[in-house]
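Peer 1:
Protein chains: 2
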Amino acid sequence: MNAPDPLARESFASLLARAREPFPASRKQYLAGALHADLRVPVRDIALTNGEQVSVYDTSGPYTDPQAVMDVRKGLASVRGGWIAARGDTEHYEGRAPVALDDGQKSEDATRLAQLRAEAAALQRQPRRAKSGANVTQMHYARKGIITPEMEYVAIRENGKREWMEQYQQDAAREQRLAGNPLGAMIPKIITPEFVRDEVARGRAIIPANINHPEVEPMAIGRNFLVKINANIGNSAVTSSIEEEVEKLVWAIRWGADNVMDLSTGKNIHTTRDWIVRNSPVPIGTVPIYQALEKVGGIAEDLTWAIFRDTLVEQAEQGVDYFTIHAGVRLAYIHLTAARRTGIVSRGGSIMAKWCMAHHRESFLYEHFEDICDIVKAYDVAFSLGDGLRPGCASDANDEAQFAELHTLGELTQVAWKHDVQTIIEGPGHVPMHMIQANMTEQLKTCHEAPFYTLGPLTIDIAPGYDHIASAIGAAMIGWMGTAMLCYVTPKEHLGLPDRDDVKQGIIAYKIAAHAADVAKGHPGARARDDALSQARFDFRWQDQFNLGLDPETAQEYHDETLPKDASKVA
Amino acid sequence: MNAPDPLARESFASLLARAREPFPASRKQYLAGALHADLRVPVRDIALTNGEQVSVYDTSGPYTDPQAVMDVRKGLASVRGGWIAARGDTEHYEGRAPVALDDGQKSEDATRLAQLRAEAAALQRQPRRAKSGANVTQMHYARKGIITPEMEYVAIRENGKREWMEQYQQDAAREQRLAGNPLGAMIPKIITPEFVRDEVARGRAIIPANINHPEVEPMAIGRNFLVKINANIGNSAVTSSIEEEVEKLVWAIRWGADNVMDLSTGKNIHTTRDWIVRNSPVPIGTVPIYQALEKVGGIAEDLTWAIFRDTLVEQAEQGVDYFTIHAGVRLAYIHLTAARRTGIVSRGGSIMAKWCMAHHRESFLYEHFEDICDIVKAYDVAFSLGDGLRPGCASDANDEAQFAELHTLGELTQVAWKHDVQTIIEGPGHVPMHMIQANMTEQLKTCHEAPFYTLGPLTIDIAPGYDHIASAIGAAMIGWMGTAMLCYVTPKEHLGLPDRDDVKQGIIAYKIAAHAADVAKGHPGARARDDALSQARFDFRWQDQFNLGLDPETAQEYHDETLPKDASKVA
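Chains as they are written, first to last, in the working numbering: chain A, 1 to 571; chain B, 1 to 571.
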C-alpha cells in the first residue's frame, strides 16, 4: 500500500510522463529469438563517452521506449497473445459475471464507482482458460519437453548481450581470483532455452505468466538465474485515477522491480487491479484473501471457501500471475505462536489463524488445496505459498511455528507439482545474520528446491526508519545463499505507508542486495557492469560513472552539488 | 572532509545547541567504578511508557548532559587528567614551538589566520610526555599487570546496565535458539577490568587514549567487545569558526560514532585540530602524512622523514589518539598494482607510492618504523596501520598487492608490540560478499589478532549515491566475522563531500551494521534492545518503539506523516 503523495492529483499524468523518460545515454533495444523468431526481448544499452556500449537487464517495459505509443486507459500491447493462441489449448469464455461486491463492501458511492469503472472500460478483456481437461502451465509444457516462447524469451533475457563484457573478463588470473562461490547454485555460462525448460520442469524456477496477462514480458524466478526483486504497491484511500495507480507501477519497474505485488485493500479493489494488470509488463502477484476479506466486510470468521474460490477465479480471469496462499497456517500450528514476542505478523496469517480458531477447524485453504490447484492450472497462475507464521522480530526467528509451516509448504509444493502448478515459497521476515543460512538450508531441503522468496530478512529490530538497510543486509546474504526473489522493504516499514520516494529507496536497496548476491554467486553476467563503472571511475569519466549506476540522476546530483571544480574532470 | 552546508554561518551555534538536545525520554546517567571510585561512565537511560527503563551505550559525551556547562572555545572538562598525573610517569614540557607552516602553505592570509588562532587561544594546553625512558601506553601497563582506570572504565562501559535485560532473557529455549555464532570471538558474559587488561596486553584490543587528550571517555576497539564505528570529518574550504567544526563532531557522536577521524587537508589544519581534539569525548584519529604533505606544498616527492617526524610530535602533543601510518606501502609492492583496474586509491597510499617511485627508495615510514614507535609510545598514540594498497573496486579485491601489504602490516604489528604500542590494522574497501571471509581469515592469521578496522567493505560498485548501503552489507558481515571497528561510508562516497545529513545517513547505516554483527556474534548485551523494541511494537507502544530506535525523530516523523489515524493507537 502506498501513502498519499503531497503531489496534487493533476500532476500524475506529468509524473507518469517523467517516469517514462529513457535513462540518460540509454536506448532500449530488442533481441530476437532463434527458436521463436517473433521474440523481442528488451535490453537497455548505455552508450559510454569512450565509445563503448554496456547492455543491462531492463524491467521497465515499453514505458521507457520512446517509440511505444501508449494509453494507460487501453492498456499495454500484447506480447504473448499469439503464443498462447497458437498453443491451441485455451479458449475464450464468458467469464464470471462481475458483481458490485468485487470492489468490496466499503466501496465508493455508486456514482463515483461507476465513474472509476468507466475509466477502466477499455481495459476489459474476455478471459481465456484452459480447454476442458487441459493444463496450460509453463511447468506442464516443460515437463512434456516443450520449449515455449516464454522459456526462450527468459533464456535470452537472462543472458542479455554479452559481447561488451569480454574486454572485462580477459584476465584469466583475475577471473580466477574473483570466481564466485555459488553455494550449491549451478548457473551455466550461457542460459539455453533447454536449460530454462529443465529448471521449470524440475520446479527449480518458475515463469509467472497467466494466460490472461499477455502483456507480460516473461521473466524467471529461480536460484540458477539472476536474483529478482519484488515491490509492493496497492491502492490507498486517495487513489482516484488510472494515471495515479499506474504511475506507481511504472515508477517501481523503472527502478528495477522485476515483479510487483498489488496489495490493495479497501475500496475499488477489483477496478484498481484492472488498471494495474492491463498496464503491467511485469508479473503481478496478489494475496486473494485480502479481497475475499473485503467481500465479507472485514470479518475473518465469515470467510468461506465459496467466497475465496470465487475470488480466485475473478483474479485469475483478470490476469494475476501469482497468488500468495497461506495454506500452511494449519490449526495445529497456531498454538505454537503463543509464546512468541510478536505473535503472528503476516496479515494473511492472522486472517487464517483467526478463522481457524473461530471455527476450531482446519484451514479451508489447506483442505481445499487440490481444488485450488485445479483452478489455477487452467490459467497458469503460480503459487507463492505464504509464510503466515513468519517471525515478526528477531527473537521469534527460526522457531517451531515458522518451521512447522515451512514443512507444510514443502508438502503442498509436492501437491502443486502433481498438478504441474508452478510454485515458489515465501520466507521471512526477521532473522539475525547468523541464523539466515539455516533458513535457506531448511527451505531447500523441505521444499524440494522450489524457489525461495523472502521478505528481507531484517537482521535487527532497532532501526525503524531505516529498515530497508537493516533488511538489505539479510537480503543480500540470503540471495547469495540461494533465495531467488527478494521482496523489498521500504524505509517506512513498521511505521507507515511508503510514498513515491520510499518505494524508490526500497527498490534501490534491494537492487543492491540482489546484485551483491549475483556477484557473490558468480553469475557470469553480473560483475562486468561493476568493472565498467570502476574503469570509468578510474578514468575520471564522470558521466559514464553516473550512467552505469543504479540511479544516474542521484549520482550526478550528489556530484554536482559538492565536488570542488578541480576534481571534476568532466563538468 | 565535509561539504559546505546550505546553512548560513550564523546558524552553527544554534545547530550545535540542537545537536546537544537529549534524546527523547532519555537521561544520561553515570556508573561508578569499583577499583577506581572516581569513574563516571556514561549510559543513556530510556524511560518507556510502561515504566520500564532501557539503558544503552552512549557515545555523545557531555554534550547531551543538560547539567554540563560547556564552552567550545575552552574545550571539554578533563576526564583522565587525574589518572594520568597519578601514574607519575609523565611530565609537562615546553613542547614543540608552533610555526606558521603548521597550518599549511595554503593557509589564510595572516590577519584571518591570526583571528582563527585567537579563537583557539583558550584551547592551548601545555603538553605532557613520558618521563625519560618511560613507556606510557595502555598496552605497556597491561603487560605489567596494571589495571588502569581506563581499563575499568571500558569494562563498565562495555557491560552497561544489564538488570533491565533480564526479563527479555528468561526463556531458556529462546536464548538457546538465538544463541550467537561468534566465529572464534570469545566474549565473556560480563567484561571484567582484568579481561580488558588481558585483551590489551595480548594486543587483541586497544584503548586509544593519548595522554594529551584527557577529555576522552575511554573506549575499546577489539573483537571481543562491541563492534565500533568511525566517522570521518575534516575541514572544508569554508570552515570558518570553532562552532562549525565542533558541530560536525557533536553531530557525529550524537548518532553513535565511537571514533572520529579528522581528515582535514588544506587550510588551517593545525588550528582546526585544536578545536576538534579539545572538544572531543571520543578518540580522534588522523593521517599525519596529509598534514606533512601540506607543509611541502602538496609535492609528495618533497616529503622527508624530518618533516614527517616533526608532524608526528606536533599532533601527539595536541592529543591525537591514533595515527594512520601507511608503512606497509613498500617500494617492492608498487608494481603489483600495475595491472589493477583502479590502481592505488588510498590517498596516503598514493602519496607514499609517489615518493617511493620518485626516489626509487624504500618508504621512509617503513625504514623509520621503530623511530615512530619511540615517538608514539611517549604519548600513547596508537597505530592504525594503513592499507595504502587496498582495492578501489571489487575486481581488485584480495589481490597480491593487498595481501603483500597486509603481511607487512603483520610484521610491523610485531615491531609495534615490541614497543608496547597499541595497534589496529586497516582493511578494505571493496570486496564482494564471497571474498570477505578470506580478508578476515588472512588478517587474523597475518596480523596476530590485532584488531581489524575496515572501510565497509563495499560489496558492489554500481551504486554510486547509495554506497552507504552497498558497504553496510559488507560491514555487517565482516563485523560478524571479527572486525572490531567499521569505518563508515556515506551516500556521497566517490561523488563528493558529505554534508550534515550524509554524515548522519552514513553513521546510522553503520550502527545497523555494527549492531547486526553484535547480535550475530551473540554479544550478551546486544539483543535485548531489539527485544524491548519488538515488544513495544507488539504492544502498540508507538512512542517506545520510536525512542528505542537508532533515530527516534525520523521514526516518529515517518509515522506521523502517513499512518491512518485508526492504526496509531497512541497519537
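Glycine included, every Cβ here is placed at the ideal spot set by N, Cα and C.
Just so we're clear, the structure is a prediction, and the values are computed from it rather than from any experiment.
Which residues, taken in chain order from the stretch 450-471 of chain A, show a beta carbon closer than 7 Å to some beta carbon of chain B?
Peer 2: Under the 7 Å Cβ criterion, the stretch 450-471 of chain A contributes T459, I460, D461, I462, A463, P464, G465, Y466, I469 and A470.
Peer 1: Straight-line CA distance for G456 of chain B to A476 of chain B?
Peer 2: For this step, residue 456 of chain B is matched to residue 456 along the second sequence. For this step, residue 476 of chain B is matched to residue 476 along the second sequence. Their backbone Cα atoms lie some 8 Å apart in a straight line.
Peer 1: I'd like to know if L573 of chain B contacts chain A, where contact means its C-beta is closer than 9 Å to some C-beta of that chain.
Peer 2: Outside the shown range of chain B (1 to 571) lies residue 573 of chain B, about which nothing can therefore be said.
Peer 1: Say whether the stretch 248-256 of chain B touches the stretch 295-310 of chain B, bearing in mind that this needs 3 or more beta-carbon pairs closer than 8 Å, one atom from each stretch.
Peer 2: Not touching, per the Cβ criterion.
Peer 1: Measuring only the C-alpha atoms, how far is E557 of chain B from W542 of chain B?
Peer 2: Within the second sequence, the letter at position 557 stands for residue 557 of chain B. Within the second sequence, the letter at position 542 stands for residue 542 of chain B. Roughly 12 Å between the two C-alpha positions.
Peer 1: Is it a yes or a no for the stretch 69-84 of chain B touching the stretch 174-184 of chain B, going by three-plus beta-carbon pairs under 8 Å?
Peer 2: Touching, no.
Peer 1: Taking all protein chains shown into account, decide if N50 of chain A is buried (16 or more other Cβ within 10 angstroms of its Cβ) or exposed.
Peer 2: For the purposes of this step, residue 50 of chain A is identified with residue 50 of the first sequence, where counting begins at 1. Exposed is the call here.
Peer 1: Does A571 of chain B have its Cβ less than 9 Å from a Cβ in chain A?
Peer 2: Position 571 of the second sequence, counting from 1, holds the residue named residue 571 of chain B. Note that A571 of chain B scores 31 on pLDDT, short of 50, meaning its location in the model is unreliable; the coordinates nonetheless yield the value given after this. It does not: the Cβ of A571 of chain B has no partner Cβ on chain A nearer than 9 Å.
Peer 1: What residues in its chain sit with their C-beta under 7 Å from that of A520 of chain B, if we drop five residues either side in the sequence?
Peer 2: For the purposes of this step, residue 520 of chain B is taken as residue 520 along the second sequence, with counting starting at 1. Cβ within range, chain order: G180, N181 and W480.
Peer 1: DSSP three-state label for G61 of chain B, please.
Peer 2: Numbered from 1 along the second sequence, position 61 holds the residue referred to as residue 61 of chain B. Three-state DSSP puts G61 of chain B in a helix.
Peer 1: When we look at the beta-carbon of P188 of chain A and count the other beta-carbons within 10 Å, is it buried (16 or more) or exposed?
Peer 2: Working through the first sequence from its first residue, we reach residue 188 of chain A at position 188. That one is exposed.
Peer 1: Just checking my contact of H468 of chain A with G506 of chain A at CB under 8 Å: how many whole Å lie between their CB atoms?
Peer 2: To locate residue 468 of chain A, count along the first sequence from 1; it is residue 468. To locate residue 506 of chain A, count along the first sequence from 1; it is residue 506. Indeed they touch by this definition, with Cβ atoms about 5 Å apart.
Peer 1: So, with DSSP's three-state summary, where would you put C393 of chain B?
Peer 2: Walking along the second sequence from the start, residue 393 of chain B turns up at place 393. Residue state, collapsed to three classes: coil.
Peer 1: When you compare the CB positions of H270 of chain A and D102 of chain A, do they come within less than 9 Å of one another, or not?
Peer 2: The sequence position of residue 270 of chain A within the first sequence is 270, counting from 1. The sequence position of residue 102 of chain A within the first sequence is 102, counting from 1. For H270 of chain A and D102 of chain A, yes; Cβs fall inside 9 Å.
Peer 1: Would V320 of chain A and R273 of chain A qualify as a contact pair, given that the criterion is a beta-carbon distance under 9 Å?
Peer 2: Taking the first residue of the first sequence as 1, we reach residue 320 of chain A at position 320. Taking the first residue of the first sequence as 1, we reach residue 273 of chain A at position 273. Yes, these two residues count as a Cβ contact at 9 Å.
Peer 1: Could you tell me whether the stretch 521-532 of chain A touches the stretch 161-179 of chain A, using the rule of 3 or more Cβ pairs below 8 Å?
Peer 2: Because the criterion of three Cβ pairs below 8 Å is met, the stretch 521-532 of chain A and the stretch 161-179 of chain A touch.
Peer 1: Kindly confirm or deny that the stretch 145-161 of chain A and the stretch 392-410 of chain A touch, where touching means at least three C-beta pairs closer than 8 Å.
Peer 2: Contact fails: fewer than three Cβ-Cβ distances are below 8 Å.
Peer 1: Out of B:R157, B:D71 and B:H335, which has the shortest C-alpha to C-alpha gap to K354 of chain B?
Peer 2: One-based indexing of the second sequence puts residue 354 of chain B at position 354. Checking every option, the nearest Cα to that of K354 of chain B belongs to B:H335.
Peer 1: In the structure shown, what three-state DSSP assignment does N259 of chain B receive?
Peer 2: As a position in the second sequence, residue 259 of chain B is number 259, starting the count at 1. N259 of chain B: strand per DSSP, three-state reduction.
Peer 1: Tell me which residues of the stretch 480-494 of chain B have at least one Cβ-Cβ distance to chain A shorter than 9 Å, keeping chain order.
Peer 2: Under the 9 Å Cβ criterion, the stretch 480-494 of chain B contributes W480, P491, K492 and H494.
Peer 1: Check whether the stretch 310-318 of chain A touches the stretch 83-96 of chain A, taking contact to mean three or more Cβ pairs, one atom from each stretch, closer than 8 Å.
Peer 2: Output reads yes: the stretch 83-96 of chain A touches the stretch 310-318 of chain A.
Peer 1: Around the Cβ of K418 of chain B, are there at least 16 other Cβ atoms within 10 angstroms (buried) or fewer (exposed)?
Peer 2: Stepping through the second sequence from its first residue, residue 418 of chain B is reached at position 418. K418 of chain B is exposed by the Cβ-count criterion.
Peer 1: For the stretch 522-543 of chain B, enumerate the residues whose C-beta is nearer than 8 Å to any C-beta of chain A, in chain order.
Peer 2: So the list reads G522, R527, R529, D530, D531, L533, S534, Q535, R537 and F538, given in the order they occur along the chain.
Peer 1: Would you kindly check if the distance between the Cβ of Y333 of chain B and the Cβ of A404 of chain B is under 9 Å?
Peer 2: Locating residue 404 of chain B in the second sequence gives position 404, counting from the first residue. Locating residue 333 of chain B in the second sequence gives position 333, counting from the first residue. Going by C-beta atoms, A404 of chain B is nearer than 9 Å to Y333 of chain B.
Peer 1: Give the single residue among B:A201, B:A209, B:E91 and B:N439 whose Cα lies nearest to the Cα of P127 of chain B.
Peer 2: The residue you call residue 127 of chain B lines up with position 127 of the second sequence. Measuring from the Cα of P127 of chain B, the nearest candidate turns out to be B:E91.
Peer 1: As a quick exercise: from A:N232, A:D302 and A:S471, pick the residue whose alpha carbon is nearest that of P283 of chain A.
Peer 2: Taking the first residue of the first sequence as 1, we reach residue 283 of chain A at position 283. It is A:N232.
Peer 1: In whole angstroms, what is the alpha-carbon distance linking M1 of chain A and Q124 of chain A?
Peer 2: As a position in the first sequence, residue 1 of chain A is number 1, starting the count at 1. As a position in the first sequence, residue 124 of chain A is number 124, starting the count at 1. Low confidence applies to M1 of chain A: its pLDDT is 42, below 50, so where it sits in the model is not reliable, and the reading given next is rough at best. Whole-angstrom Cα-Cα distance: 24 Å.
Peer 1: Taking Cβ-Cβ distances shorter than 9 Å, what residues in chain A pair up with Q124 of chain B?
Peer 2: Walking along the second sequence from the start, residue 124 of chain B turns up at place 124. Going along chain A, no residue has its Cβ under 9 Å from Q124 of chain B, so there is no contact; the nearest lies around 31 Å.
Peer 1: Assuming G266 of chain B and G328 of chain B are in contact, meaning their beta carbons sit under 8 Å apart, how far apart are those beta carbons, in whole angstroms?
Peer 2: Residue mapping note: residue 266 of chain B aligns to position 266 of the second sequence, counting from 1. Residue mapping note: residue 328 of chain B aligns to position 328 of the second sequence, counting from 1. That belief does not hold up - the Cβ atoms of G266 of chain B and G328 of chain B are roughly 26 Å apart, past 8 Å.
Peer 1: What is the rounded straight-line gap between the Cα of I307 of chain B and the Cα of G104 of chain B?
Peer 2: Position 307 of the second sequence, counted from the start, is the residue given in the question as residue 307 of chain B. Position 104 of the second sequence, counted from the start, is the residue given in the question as residue 104 of chain B. Taking the straight line joining both Cα atoms gives about 12 Å.
Peer 1: What is the rounded straight-line gap between the Cα of P62 of chain B and the Cα of E362 of chain A?
Peer 2: On the second sequence, residue 62 of chain B is found 62 positions in, with the first residue counted as 1. On the first sequence, residue 362 of chain A is found 362 positions in, with the first residue counted as 1. Going from the Cα of P62 of chain B to the Cα of E362 of chain A covers about 59 Å.
Peer 1: Determine the burial state of H430 of chain A: buried for a count of at least 16 other Cβ atoms within 10 Å of its Cβ, exposed for fewer.
Peer 2: In the first sequence, residue 430 of chain A corresponds to position 430, counting from 1. H430 of chain A is buried by the Cβ-count criterion.
Peer 1: Mind pulling the alpha helix (DSSP H) runs of 4 or more residues that sit fully within the stretch 285-339 of chain B?
Peer 2: Those alpha helix (DSSP H) runs which fall completely within the stretch 285-339 of chain B and span 4+ residues are 288-295, 305-318 and 331-334.
Peer 1: Using only alpha-carbon positions, find the residue among B:Q318, B:A17, B:L550 and B:D539 that is nearest to R341 of chain A.
Peer 2: Taking the first sequence and counting its residues from 1, one reaches residue 341 of chain A at position 341. Cα-wise, what sits closest to R341 of chain A is B:D539.
Peer 1: Quick check: what's the CA-CA separation for S384 of chain A versus V376 of chain A?
Peer 2: In the first sequence, the residue the question calls residue 384 of chain A occupies position 384. In the first sequence, the residue the question calls residue 376 of chain A occupies position 376. One C-alpha to the other measures close to 12 Å.
Peer 1: How big is the Cα-Cα spacing for D89 of chain B and Y141 of chain B?
Peer 2: Position 89 of the second sequence, counting from 1, holds the residue named residue 89 of chain B. Position 141 of the second sequence, counting from 1, holds the residue named residue 141 of chain B. The alpha-carbon atoms of D89 of chain B and Y141 of chain B are separated by roughly 11 Å.
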